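These notes are about the structure you will find just below.
Residue numbers (UniProt numbering): 1 to 169.
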């Protein structure tokens with residue numbers, strides 16, 4: 001968790017840049033992100049969350065399935081049908097807020113080799129992809145939740161960060 005950037009770090013508000021080099025460094029970055037996500041018990045992680053301004057995200061919604069990587073992802077289509085669900089975030093410890101998102105999405109991206117891929121996702125998978133895509137644009141779940149929950153989320157976040165700072169000192 002120490003490698004995951006926390007709320008207040010300016011990189012979390014930055015828009016990530018397109019990846020144009022599909023080399024061993026990129027594959028190493030993706031593998032490292034997958035390990036960090038796993039170690040943090042997360043189901044998704046964007047490169048910006050580890051301080052890298054690349055349009056790269058990894059996710060795994062089933063614990064025993066392989067880690068999926070999307071490079072330069074773009075939502076090609078999203079359903080009109082939306083649903084509210086509670087979301088948390090590795091960069092916002094102790095924050096759990098309701099976020100409304102499309103139930104189905106189709107995402108065009110590239111894999112770690114640069115090959116074009118198309119992902120059609122529904123439910124939790126669609127939600128995770130959209131959450132991580134938001135990170136690549138500098139958007140956090142607190143930006144997408146109703147005002148009362150944003151205030152409550154900020155209180156929980158401040159308490160969690162204060163506790164972490166006390167533990168570190």
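In this text, a Cβ means the ideal position worked out from N, Cα and C, and glycines have one as well.
On a predicted model such as this, the values are computed, not experimentally measured, just so you know.
Going straight from the alpha carbon of residue i to that of residue j, what length do you get?
i           : j           : result
residue 104 : residue 169 : 45 Å
residue 39  : residue 6   : 16 Å
residue 148 : residue 100 : 15 Å
residue 59  : residue 30  : 11 Å
residue 155 : residue 116 : 42 Å
residue 35  : residue 48  : 15 Å
residue 140 : residue 153 : 12 Å
residue 167 : residue 70  : 35 Å
residue 3   : residue 33  : 10 Å
residue 163 : residue 76  : 41 Å
residue 14  : residue 24  : 25 Å
Cα-Cα, which of the options is closest to residue i?
i           : options             : result
residue 43  : 22, 131 and 7       : 131
residue 122 : 83, 138, 158 and 32 : 83
residue 142 : 28, 120, 98 and 160 : 98
residue 127 : 15, 81 and 159      : 81
residue 138 : 37, 54 and 28       : 54
residue 165 : 37, 93 and 120      : 93
residue 129 : 161, 151 and 68     : 68
Excluding the 5 residues preceding and the 5 following residue i in the sequence, name in chain order all residues of the same chain whose CB lies nearer than 7 Å to its CB.
i           : result
residue 26  : 19 and 112
residue 46  : 57, 132, 135 and 136
residue 118 : 106 and 108
What residues in its chain sit with their C-beta under 6 Å from that of residue i, if we drop five residues either side in the sequence?
i           : result
residue 78  : 102 and 105
residue 96  : 86 and 88
residue 124 : 61
residue 114 : 22
residue 150 : 142
residue 160 : 93 and 94
residue 120 : 106
Taking its Cβ as the centre, do 16 or more other Cβ atoms sit within 10 Å of residue i, making it buried, or is it exposed?
i           : result
residue 91  : buried
residue 51  : exposed
residue 73  : buried
residue 17  : exposed
residue 145 : buried
Along the chain, where does the alpha helix (DSSP H) that runs through residue i open and close?
i           : result
residue 98  : Residue 98 -> not in any alpha helix (DSSP H); beta strand (DSSP E) instead, spanning 92–102.
residue 30  : 24–39
residue 153 : 147–168
What residue range is occupied by the uninterrupted beta strand (DSSP E) comprising residue i?
i           : result
residue 117 : 116–122
residue 58  : 56–59
residue 69  : 68–78
residue 44  : 44–46
Under 8 Å between C-beta atoms, does residue i make it to chain D?
i          : result
residue 47 : You won't find chain D in this structure, because it holds only one protein chain.
Under the criterion of a Cβ to heavy atom distance below 7 Å, does residue i qualify as lining the ligand SAH?
i          : result
residue 63 : Here there are no bound small molecules, and the ligand SAH is not part of this structure.
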